[in-house]
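Okay, so the first sequence: first residue is 459 according to this note's numbering, each after it adds one. Notes for the one structure printed next.
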Amino acid sequence: METQGEPPIKKSNFIIDLVEADLDSNRYDGRVQTRFPPEPNGFLHVGHAKAICLNSSIANDYSGVFNLRYDDTNPVTESTEFVASIKDDLQWLLGEELKTVPLHTSDYFKQLYLWAEDLIMKGKAYVDDQDVKTISKQRGGFQETGLNSPYRDRGTEENLHLFREMRAGKFYEGECVLRAKIDMGHDNMNMRDPIMYRVKTEEHFRTGKEWNIYPTYDWAHGQSDAIEKVTHSLCSLEFESHRELYNWFLDQLEITGNQRPYQTEFARLNFTYTVLSKRLLKYLVEDKIVDGWDDPRMPTLRGFRKRGYPAVAVRNFCEHIGVAKTNGTHEIELLESFIRNNLNQNAERRMAVLNPLKVTITNWPEGHVDMRQAINNPEDESAGTREIPFTGSLYIEREDFMENPEPKYYRLAPGREVRLRYGYFITCNKIVKDKEGNVTELLCSYDPETSGGKAPDGRKVKATIHWVSAEHALEGSAVLYDRLFSTEHPGAETGEPLDDINPNSKTLRECIKLEPSIGDLTRGSVVQFERLGYFHPDEEIPLLFHRTVGLRDEWANIVKRR
RNA sequence: UGGCCCGUAGUUCAACUGGCAGAACGCCUGGUUUUGGUCCAGGAGGUUGCAGGUUCAAGUCCUGCCGGGCCAGCCA
């Protein structure tokens, strides 16, 4: 895996400790096997990225095996659309094709079924004819013990017969279920005779109409791990209380020794200024708050991709944050710093003006075009140079001029001299305004002696600003993205995250001015528009750019502090 | 007022298993710079949730509190 020159911080976390301890004790004969088990009912987001990176890097670091396993046990919510997108996003994130073919829980339906019969015969499972409500009520509460189902003590033969009929499609949905027979008075609610199978008539996207009953997560998960010979079954904290059941099932099936996986939980990833819950993300899409699952503002991997986040930067981020059992929220700035770090090294620089202000150089020789040489990437000499036409009629950024400059504002102002990057020093002599008093044009003079960017007399300028020649400029557009939510912890105040949606998270800038070489940019690559930020060319629309992330901005900090 | 889990700079994590509490990001100051970017140097920021106990020595072990999270789907 690429590391792009990151300082080699030795990784240390409680999961690595466990893996190494198991290696030391030879628990699995030196094997390490992990898996990423998404349900194919939605798109992957950064939260999943953490789990993917964790599982795949543990397998990588210890010469183990990492599998993608679709946890497709619920035909009503799952579809092939998601199967495809998950694999696609996963490979994008990992930066390579999967080394193993994707697995499916549905591949194990037969084995799971046989094991269920096994449990029935051991008197450890029974068919319950009660409906959802009744079962739920009987489960009791945290402080009250549950009630045994009247069907709990059915005979083995009757259970077997009923279960086979369930499979044969003799029952309607909700008519009956198969339950593990554990303990209705257990402190852990998951142990109060959990459901193993339920009837579902919906067609499964892989097994079609073959099955009328489907295993629940609890019944399928640990057994699937065991079938695949997973060693370390990593999942998020919310499954902590399911671990006891995970182990109980393996106990009943007498899966032991180096064939027996064990579950370890870690904290899922959270970020400031966004949400990662499936429900909320779905709302954003369906209520058209965003333009789709791949909207660059979305924390989905598709969104990241469209926004121009390099996959390796996301991986490095995941590597860096490590894992722990503390539920917390990462500052989004940390992710952004990894994005910038990568892009600073790799993105070519270009000049673009997003909010153009006309500048006329009054002493420029009429019709003269001066080709200026510019460095493509100061961090990477091999990126070479390019030429940019300089003329007497330019556009500069409106924000780079202030009629009445505030303290510490270094850029252009009446009577002030600045440097045009790769061009000359210019001085603002006159402001042209329209009837409403808006500045429409600046009349400036240039100093021909400053062609090299320095004045022979040694005088300094405080600022260097970017520009584009008016007659050579390409016209395009840019979309500027801001945080999707306006508060660090959406919903912290009202309890409803949607109350904190930032109404200005997307700004379209049309008629932006681009230096000519931008027309030749290769698709997919991210460029830095100097002094503005990193921009990702849209995959379809020419000269449309998505702002990946802005540059760090000292001036913005100064303004904010006021 | 059940059970399980978690509390270390603002944030997220380390601390070789009892031996001088560190890093990254963020913030601040200075330097370099034809990007107010990058880079370099430095700084602030901690009663390790609280209170006891064991020990020459406790973030680490013990006890008790406090705070937070998760669990009562035929979702995963």
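Just so it is clear, CB atoms sit at the ideal spot from N, CA and C, and this is done for glycine as well.
- Bounds of the beta strand (DSSP E) holding Arg807 are 806-808.
- Taking C-beta separations shorter than 8 Å and ignoring five residues to either side along the sequence, the partners of Asn800 in its chain run Gln462, Pro768, Val770, Ala771, Asn774, following chain order.
- Under the three-state reduction of DSSP output, Tyr741 falls in the helix class.
- Leu738 and Asp480 have their C-alpha atoms roughly 39 Å apart.
- The Cβ neighbour count for Cys776, taken over all protein chains shown within 10 Å, is at least 16; the residue is labelled buried.
- In chain order, Met624, Arg625, Tyr655, Val657 place their CB closer than 6 Å to the CB of Ile671, counting only its own chain and leaving out the 5 sequence neighbours on each side.
- Rounded to whole angstroms, Gly488 and Val523 show a C-alpha spacing of 12 Å.
- Linking Ser944 to Ala574 through their CA atoms gives a straight-line distance of about 50 Å.
- CA-to-CA, the gap between Asp978 and Leu1001 works out to about 10 Å.
- Tyr867 carries a coil assignment under DSSP once its states are collapsed to helix, strand and coil.
- DSSP places Phe629 in the coil class of the three-state scheme, outside both helix and strand.
- Rounded to whole angstroms, Arg844 and Ile854 show a C-alpha spacing of 20 Å.
- Shown here, Cys776 sits in a helix according to DSSP, grouped into three states.
- In the structure shown, Tyr704 adopts helical secondary structure according to DSSP, grouped into three states.
- Looking only at His930, Phe724, Arg856, Pro872, the smallest Cα-Cα distance to Phe472 is reached by Phe724.
- Per DSSP, Gln710 has no beta bridge partner at all.
- Per DSSP, the beta-bridge partners of Gln831 are Glu845.
- By the Cβ-count criterion, Met809 is buried, with 16 or more other Cβ atoms from all chains shown falling within 10 Å of its own Cβ.
- In this structure, the beta-carbon distance from Phe494 to Leu526 falls below 8 Å.
- The closest CA to that of Glu857, considering only Pro823, Leu556, Leu815, is found on Leu815.
- Membership of Cys969 in the beta strand (DSSP E) is indicated by the continuous run 964-972.
- In the three-state DSSP reduction, Ala638 falls in the strand class (E or B).
- Where Gly581 is concerned, there is no enclosing alpha helix (DSSP H), because DSSP gives it neither an H nor an E.
- In this model, Phe567 and Lys764 are separated by some 37 Å (Cα to Cα).
- In this structure, DSSP gives His679 a helical state, which the three-state scheme calls helix.
- With respect to the C-alpha of Arg1020, the residue from Asn617, Lys866, Glu837 having the closest C-alpha is Lys866.
- By the Cβ neighbour-count rule, His1004 is buried, with 16 or more other Cβ atoms within 10 Å of its own.
- Counting other Cβ atoms within 10 Å of its Cβ, Ser963 reaches 16 or more and is therefore classed as buried.
- Residue range 653-657 is occupied by the beta strand (DSSP E) that includes Ile653.
- Here the alpha carbons of Leu695 and Gly934 stand approximately 47 Å from one another.
- Glu555 is positioned such that its CB atom lies no closer than 8 Å to that of Pro498.
- Membership of His690 in the beta strand (DSSP E) is indicated by the continuous run 690-694.
- Straight-line measurement puts the Cα of Phe697 at about 40 Å from the Cα of Gln803.
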